[in-house]
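Enquirer:
Protein chains: 2
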Amino acid sequence: MSENPPDTSEPSPSAAPAQGDATPTTTSGVSRRRLFGLAGAGVALAGAGAAAGYGVAEASAGPATGVVPFRDTHQAGIVTPAQDRLHFVALDLSTTDKAAVQDLFKRWTDAAERMTSGGEVTVNGAVGLNPQSPPTDTGEALGLAPSSLTLTFGIGASLLTKLGLTDKRPPALIDLPRFTADQLEPARSGGDICIQACADDPQVGVHAIRNLVRMGFGTTEVRWSQLGFGRTSSTSTEQATARNLFGFKDGTNNLKAEEPALLDEHVWAQGADGSDWMAGGTYLVARRIRMHIEIWDRTSLDEQEKVIGRTKGEGAPLGAKAEFDTADFSAQGSDGEPVIPEDSHVRLASAQALRGVQILRRGYNFVDGSDGAGHLDAGLFFVAFVRDPGKQFVPMQRALARKDTLTEYIEHNGSAVFACPPGLSAPGSYWGQGLFT
Amino acid sequence: MSENPPDTSEPSPSAAPAQGDATPTTTSGVSRRRLFGLAGAGVALAGAGAAAGYGVAEASAGPATGVVPFRDTHQAGIVTPAQDRLHFVALDLSTTDKAAVQDLFKRWTDAAERMTSGGEVTVNGAVGLNPQSPPTDTGEALGLAPSSLTLTFGIGASLLTKLGLTDKRPPALIDLPRFTADQLEPARSGGDICIQACADDPQVGVHAIRNLVRMGFGTTEVRWSQLGFGRTSSTSTEQATARNLFGFKDGTNNLKAEEPALLDEHVWAQGADGSDWMAGGTYLVARRIRMHIEIWDRTSLDEQEKVIGRTKGEGAPLGAKAEFDTADFSAQGSDGEPVIPEDSHVRLASAQALRGVQILRRGYNFVDGSDGAGHLDAGLFFVAFVRDPGKQFVPMQRALARKDTLTEYIEHNGSAVFACPPGLSAPGSYWGQGLFT
């Protein structure tokens with residue numbers, strides 16, 4: 001009758017804990033490809049004149065079929081090798097009912113674990129077999145591979161205020177100061193909660209965010225969201241450095257997954273100052289940076305390279321030969337001027353200039369249509385993970401906003417800071433659990 | 001000195017016609033990967049204290065390194081197997097100077113041919129080696145594969161009016177009537193020119209549109225643009241049917257590249273009625289269809305399947321078993337009602353209901369952030385290629401707008417029609433040439 005009979009016995013690579021329920025309407029840890037076949041069968045059984053097929057045809061799954069483990073010491077999507085696509089959403093609470101929020105976080109965790117392993121969203125462990133109910137999963141990722149999907153969860157300081165949990169606020173979860181030239185739009189800034197979806201297939205990332213948003217109906221609503229299509233930083237030594245929309249390699253000197261000591265120093269929160277629930281977590285700083293690409297494109301190659309402080313082709317520090325050569329900030333040209341200009345981006349953002357400050361960047365390029373003035377609305381959605389935004393991002397951005405010649409070509413119009421709790425290594429633990437215990 | 005010395009001798013797979021110019025600043029048909037290395041070398045030669053590297057590191061090129069031939073009987077990007085990503089732009093003329101427009105179309109054609117073969121944009125055949133000038137190519141696709149990039153060119157009726165070429169207007173290039181429930185926004189509709197970029201790597205598509213927009217500065221400006229991330233139709237029997245954001249397979253019965261007789265009947269214009277310049281061309285109908293996914297997601301599986309007329313898992317017509325089974329529109333259930341409801345989408349859009357009308361669909365899913373009201377701004381960017389919009393798209397959309405229950409869940413808020421001329425099989429021919437001769 002079918003080439004793909006449903007198979008409810010085989011768990012997916014990182015299956016959810018067994019729910020001890022083997023009725024036909026309950027399935028845990030089954031691949032996305034199989035579950036909806038089962039739903040189709042349910043329709044056939046339930047009548048309505050429809051004889052549904054069992055097998056779900058495989059769509060264009062792309063090459064990256066990987067599964068990134070959901071439960072680990074730290075959340076996935078931070079030092080995970082940066083996937084190709086981003087869907088980032090900031091949500092606001094539409095309730096102050098702490099129990100409702102806690103319940104949502106539990107349900108989100110279950111759904112996130114299922115989706116990152118390639119499975120479907122369920123309700124109470126059951127797939128939507130009842131044709132008289134909405135499907136538990138919206139379906140657009142059926143047949144697609146897990147695509148290295150990661151879902152990274154964070155909370156904003158405003159959530160703590162709304163839920164009366166200000167005693168839980170870690171000192172590192174600051175409100176950013178206003179920086180010179182900031183043109184922040186409230187509709188692109190802030191948020192009580194963030195969820196960062198990264199995947200190598202954008203439809204998989206969009207499916208995940210859409211289903212989590214859907215589950216939050218009545219408890220949360222979308223404040224803003226951002227899609228990104230080309231990673232601009234490498235988080236692993238195995239990845240080549242990608243280019244931003246100025247055409248330059250971006251994030252050459254980024255922190256890397258292979259440097260655990262540096263990550264402990266610069267990325268992972270230690271849970272000091274009474275915020276034990278954040279030990280092993282990190283702070284996410286998001287900035288929507290519109291690039292005035294039309295102006296940039298009229299700038300000479302020489303000027304572009306001086307603004308950045310690197311060559312455009314190879315990405316080498318000016319005066320050096322290869323991308324990963326050490327920048328020589330003391331070198332002078334025959335004219336007596338520094339080879340890497342004083343106001344160049346690489347010099348101002350360097351650990352040398354910032355007394356050792358380093359950050360883990362994980363941004364994406366974006367194009368959000370056009371701006372109504374004949375230009376593309378394009379730029380860089382900057383995402384950084386740091387141990388302490390006030391000690392890392394703030395001094396860096398202050399220096400850049402004041403002196404960086406790049407500032408003439410960009411505009412920061414969105415901004416947010418979120419506390420991303422540690423990973424959920426304990427079975428049954430859930431997003432934000434530390435807030436409620 | 002370098003692991004990748006520049007090599008200007010080897011042409012790319014579909015190299016541009018040789019320009020008979022072998023000076024160091026002129027290169028034709030060289031891969032994108034090499035040219036900017038050359039530019040870097042130019043910087044080193046020119047001094048400025050910068051010793052540039054020669055090799056451009058390979059970024060994440062993805063699997064699809066294919067080159068789709070640019071010069072062919074028909075334009076690429078129509079029956080080309082649908083790539084994964086879309087960047088579509090509509091432009092308006094900012095001049096009525098016919099010669100300036102003609103010159104731009106020639107330069108665009110050269111750049112499009114270079115970029116689709118994996119090369120860089122040049123000016124008068126020269127790459128931007130002069131460090132005192134802006135680079136001729138913006139650079140963000142350096143190191144990326146051609147990624148099956150296609151660039152498809154069309155003109156709107158408004159261009160003919162602005163340039164005093166109304167005698168060239170083909171009768172098939174109609175203004176669409178207003179359909180029931182249309183909620184069209186002028187800022188998302190119309191346009192003098194369209195360029196559709198499709199590629200398997202979004203950064204490659206964005207790079208192409210951005211560089212063409214840049215070249216048009218002073219002659220054209222962006223009216224609107226749209227990115228799409230998941231194809232929703234198959235244009236080849238070799239492709240599996242993908243899913244739209246309602247979670248259903250979309251375009252199962254689409255026309256396919258492997259059916260040339262049907263394409264001649266339904267897609268390719270024959271140049272009748274005095275519009276010889278459109279013979280072998282086609283008409284592009286674009287509709288931005290916002291999907292109210294939050295409402296859809298609260299609808300039962302049974303209702304969803306009745307609205308579409310297919311099962312969600314397999315995509316089979318209701319009452320049938322497999323996706324490509326023939327829909328039996330006469331079948332009745334035990335309740336005496338049609339198994340495929342009278343107001344279902346597949347029935348209303350079927351060739352049977354529309355007396356033989358078929359179209360070539362080539363749409364993409366989109367998510368454009370959120371709408372300010374707590375919802376994702378998501379949907380389907382519908383693109384269809386037809387021989388005669390008035391005889392194909394209009395009756396289909398009329399039937400759907402009047403009766404389709406799907407209409408309750410969607411909103412058409414953008415609309416445009418463009419005439420896409422035939423392919424440029426003749427060497428040296430250029431986009432829109434038929435308008436000027």
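Those protein sequence lines, which keep their order, are chains A and B.
One point on numbering: in UniProt numbering, the residue at position 359 of the first sequence is 359, and numbering is uninterrupted.
One point on numbering: in UniProt numbering, the residue at position 357 of the second sequence is 357, and numbering is uninterrupted.
For every residue, glycine included, the Cβ atom is placed at its ideal position computed from N, Cα and C.
Run through DSSP, which three-state label would A/N254 get?
Expert: coil
Enquirer: For A/W108 and chain B, any beta-carbon pair shorter than 8 angstroms?
Expert: no
Enquirer: Is there a Cβ from chain B that is less than 8 angstroms from the Cβ of A/V431?
Expert: It should be noted that the sequence gives Trp, not Val, for residue 431 of chain A. No, A/W431 lies away from the interface with chain B (no Cβ there is under 8 angstroms from its Cβ).
Enquirer: Output needed for B/T437: all residues of its chain with C-beta closer than 6 angstroms, excluding positions within five of it in sequence on either side, in chain order.
Expert: none
Enquirer: Short check: CB of A/C420 to CB of A/G281, under 8 angstroms?
Expert: yes
Enquirer: Which chain A residues sit within Cβ distance under 9 angstroms of B/V357?
Expert: Listed along chain A, no residue sits closer than 9 angstroms to B/V357 by beta-carbon distance, the nearest being about 26 angstroms off.
Enquirer: Using a 10 Å radius around the Cβ and a threshold of 16 neighbouring Cβ atoms, would you call B/S425 buried or exposed?
Expert: Its Cβ having fewer than 16 others within 10 Å, B/S425 is exposed.
Enquirer: Where DSSP assigns a beta bridge to A/I193, which residues make up the other side?
Expert: Bridge partners of A/I193: A/L91, A/I155.
Enquirer: For my contact list, A/G251 and A/T241 are in at a C-beta cut-off of 8 angstroms; report their separation, rounded to the angstrom.
Expert: That belief holds up - the Cβ atoms of A/G251 and A/T241 are roughly 6 angstroms apart, short of 8 angstroms.
Enquirer: What ranges does the alpha helix (DSSP H) occupy inside the region 355-391 of chain B, keeping only unbroken runs of at least 4 residues that lie completely in it?
Expert: none
Enquirer: Assign A/G228 to one of three DSSP states: helix, strand, or coil.
Expert: strand
Enquirer: Pull up the distance between the alpha-carbon of A/T122 and that of B/R107, whole angstroms please.
Expert: 54 angstroms
Enquirer: Mind pulling the alpha helix (DSSP H) runs of 4 or more residues that sit fully within the region 71-135 of chain A?
Expert: The region 71-135 of chain A contains these whole alpha helix (DSSP H) runs: 98-116.
Enquirer: Looking at A/L163 and A/F381, is the spacing between their C-beta atoms short of 8 angstroms?
Expert: Not a contact, by the Cβ cut-off of 8 angstroms.
Enquirer: Whole angstroms is fine: what's the gap from B/I195's alpha carbon to B/E221's?
Expert: Cα-Cα distance, rounded: 12 angstroms.
Enquirer: Would you list the residues sitting across from B/V67 in a DSSP beta bridge?
Expert: Answer is none; B/V67 lacks a bridge partner.
Enquirer: Would you mind giving the Cβ-Cβ distance between A/R298 and A/I410, rounded to the nearest angstrom? I have them listed as a contact below 8 angstroms.
Expert: Incorrect: roughly 15 angstroms between the Cβ atoms, too far for contact.
Enquirer: For A/E258, go through chain B and note every residue whose CB falls closer than 9 angstroms to its CB, in chain order.
Expert: Neighbours of A/E258 on chain B: none; closest Cβ ~18 angstroms, over 9 angstroms.
Enquirer: Could you check the C-alpha separation between A/D302 and B/Q132 for me, to the nearest Å?
Expert: 6 angstroms
Enquirer: Please report the Cβ distance between B/Q392 and B/V346, rounded to the nearest whole angstrom; I am assuming they are in contact, meaning their Cβ atoms lie under 8 angstroms.
Expert: Not really, about 17 angstroms apart at Cβ, beyond 8 angstroms.
Enquirer: Taking C-alpha atoms, which residue in A/A320, A/A199, A/V101, A/L165 lies nearest to A/A76?
Expert: Looking at the Cα atoms, A/A199 is the closest of the given residues.
Enquirer: Looking at the structure shown, is A/P341 part of a helix, part of a strand, or coil, going by DSSP?
Expert: The answer is coil: DSSP assigns A/P341 none of H, G, I, E or B.
Enquirer: Relative to the C-alpha of A/F153, which residue among A/G414, A/Y364, A/F105, A/P69 is closest?
Expert: With respect to the C-alpha of A/F153, the residue from A/G414, A/Y364, A/F105, A/P69 having the closest C-alpha is A/F105.
Enquirer: Please list the segments of the beta strand (DSSP E) lying wholly inside the region 230-312 of chain A, counting only runs of 3 or more residues, in order along the chain.
Expert: The beta strand (DSSP E) runs of length 3 or more contained entirely in the region 230-312 of chain A are, from start to end of the chain, 282-291.
Enquirer: How would you label A/D335, buried or exposed, when you count the other beta carbons within 10 angstroms and need 16 or more for buried?
Expert: exposed
Enquirer: Among B/E294, B/A322, B/L142, which has the Cα closest to the Cα of B/K249?
Expert: Relative to the Cα of B/K249, the nearest Cα in the group B/E294, B/A322, B/L142 belongs to B/A322.
Enquirer: Are A/R387 and A/H207 close, meaning C-beta to C-beta below 8 angstroms?
Expert: no
Enquirer: Rounding to the nearest angstrom, what Cα-Cα distance links B/D175 and A/R169 in this structure?
Expert: It is roughly 59 angstroms from the alpha-carbon of B/D175 to the alpha-carbon of A/R169.
Enquirer: Determine the closest residue to A/T116 out of A/V67, A/T138, A/G319, with distance taken between C-alpha atoms.
Expert: A/V67
Enquirer: Start and end of the alpha helix (DSSP H) containing A/I209?
Expert: 202-215
Enquirer: From the DSSP output, in three-state form, read off A/R178 for me.
Expert: coil
Enquirer: I want to know whether the region 301-318 of chain B touches the region 338-354 of chain B - three or more CB-CB distances under 8 angstroms.
Expert: Touching, yes, given that three or more Cβ pairs across the two stretches are closer than 8 angstroms.
Enquirer: Are the C-beta of A/D343 and some C-beta of chain B separated by less than 8 angstroms?
Expert: no
Enquirer: Contact defined as beta carbons within less than 8 angstroms: I believe A/L227 pairs with B/E140. What is the distance between those atoms, to the nearest angstrom?
Expert: With a contact defined as Cβ atoms closer than 8 angstroms, A/L227 and B/E140 miss out at about 17 angstroms.
Enquirer: Show which residues of chain A have a CB atom less than 8 angstroms away from the CB atom of B/S275.
Expert: The contacting residues do not exist; B/S275 stays about 30 angstroms from chain A at best.
Enquirer: Quick check: the Cα distance between B/A51 and A/Q304, rounded to an integer number of angstroms?
Expert: Note that B/A51 scores 22 on pLDDT, short of 50, meaning its location in the model is unreliable; the coordinates nonetheless yield the value given after this. Near 15 angstroms, if we compare the C-alpha coordinates of A/Q304 and B/A51.
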